[in-house]
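Asks: According to numbering that gives the first Met the number 0, the sequence shown is numbered sequentially starting from 0.
Glycine is no exception: its CB is placed at the ideal position from the N, C-alpha and C atoms.
Pasting a structure below so you can have a look.
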Amino acid sequence: MSAALFVFRPEPGWGASAQVARTRDLRVFGQPLSRIEAVEWTVPDPRGFDAIIVGSANAFRHGGEGLARLVHLPVFAVGATTAAMAREAGFAVERVGAGGLQPLLDGMSPNKTKLLRLCGERRVALAVPGATSITERVVYRAIDLEIGAEVRARLAEGGVVVLHSGETARQFAAQCTRHSIDRRGLTLVLIGPRLLRPVGEGWQAVHIAPAPDEAALLASAEFLCKGSDGSDRCAGAGDLARGASVDGFAKRHI
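Take a look at the structure:
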């Protein structure tokens, strides 16, 4: 039997990840650790900006009617899901990042110096280049949810946990401490190295997906859940087992 897989991202992502994992014959547990809700916000004068920078698809899911006033501004999106939601909302996406907002900001075109950041109440602090200015507008918030008793009992039996964001990583680590969940029985798979700090120490092992996206995250988790038995390996897991992607799929004992 494969190890249990735990998913803790907010909806609608939780359901989507769980569905994909189940099609791969994984035993999926977990729950959203937060509920996302819209925040009332004032739309700034769009003439004062060259572009919009966004670190979560939630900005477009919950931004509301005010987004319509900004659709002529190009979007710099943190990843593919955020870019897809931007396009669905009527925006043109100029660039899609891979690995967080900071690299996206650092690679910004010289003619994009006045940026509007649509974000949540809790957000990653950015190091802003000297010639660039960023105006922030909070358009959504995350309401924390406690891990239920049934999920806590499952976690006590061990398994593999996938973590999609720094905020979810922070929440999960805090709740493991609060509910005395033994970290030594849990293997983490992180969507990127930036999550290493918020998850902290004490886990059985910590892995980083070979690419900062959902497909790579779940493929890595599948390989870990099913072990090294060749009959159970996921597509591409053989390459991982042979060490072809040692740098990308980094095992780190914390």
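Would you mind reading off the limits of the beta strand (DSSP E) that contains LEU259?
Replies: Because the chain spans 0 through 253 in this model, residue 259 falls outside it and cannot be assessed.
Asks: Suppose the cutoff is 7 angstroms on Cβ atoms and the five residues either side in sequence are ignored; what does the same chain contact list for ARG193 look like?
Replies: Residue numbering aside, residue 193 sits at position 194 when the sequence shown is read from its first letter. Closer than 7 angstroms at the Cβ level, and outside the excluded window around ARG193, lie GLY99, GLY165.
Asks: Only counting the same chain, and skipping five residues up and downstream in sequence, which positions put a Cβ closer than 7 angstroms to that of THR167?
Replies: Here the question's residue 167 lines up with position 168 in the sequence shown. The answer, listed in chain order, is PHE7, ARG8, LEU32.
Asks: Is ARG122 close to the ligand ZN? I mean its beta-carbon at under 6 angstroms from any heavy atom of the ligand.
Replies: Of ligands this structure carries none, so the ligand ZN is not represented either.
Asks: Quick one: residues in its chain with C-beta nearer than 6 angstroms to the C-beta of PRO11, no 5 flanking neighbours on either side, listed in chain order?
Replies: Here residue 11 refers to the residue found at position 12 of the sequence shown. Hits under 6 angstroms: none found.
Asks: Please state whether DSSP places VAL77 in a helix, a strand or coil.
Replies: Position 78 of the sequence shown, counted from the first residue, corresponds to residue 77. Of the three classes helix, strand and coil, the one that applies to VAL77 here is coil, per DSSP.
Asks: So which of PRO128, CYS118, ARG136, VAL159 has the shortest CA-CA distance to ALA56?
Replies: The residue labelled residue 56 in the question sits at position 57 within the sequence shown. Closest option to ALA56, Cα to Cα, is CYS118.
Asks: Is DSSP giving THR41 helix, strand or coil here?
Replies: Looking up residue 41 in the sequence shown gives position 42. Residue state, collapsed to three classes: coil.
Asks: Can you look up ARG196 in the DSSP assignment and give me helix, strand or coil?
Replies: What you label residue 196 is simply residue 197 of the sequence shown in a count that begins at 1. In the structure shown, ARG196 sits in a helix (DSSP, three-state: H, G or I).
Asks: For ALA215 and GLY14, what's the separation of their Cα atoms in angstroms?
Replies: Position 216 of the sequence shown, counting from 1, holds the residue named residue 215. Position 15 of the sequence shown, counting from 1, holds the residue named residue 14. Distance between the alpha carbons of ALA215 and GLY14: 17 angstroms.
Asks: Once the 5 residues before and after ALA85 are set aside, which same chain residues still bring their CB inside 6 angstroms of it?
Replies: Your numbering for residue 85 matches position 86 in the sequence shown. Only PHE59, VAL74, ALA76, VAL92 meet the Cβ criterion.
Asks: Determine whether the beta carbon atoms of ASP49 and LYS111 lie at a separation below 7 angstroms.
Replies: Looking up residue 49 in the sequence shown gives position 50. Looking up residue 111 in the sequence shown gives position 112. Their beta carbons are under 7 angstroms apart, which means ASP49 touches LYS111 by this criterion.
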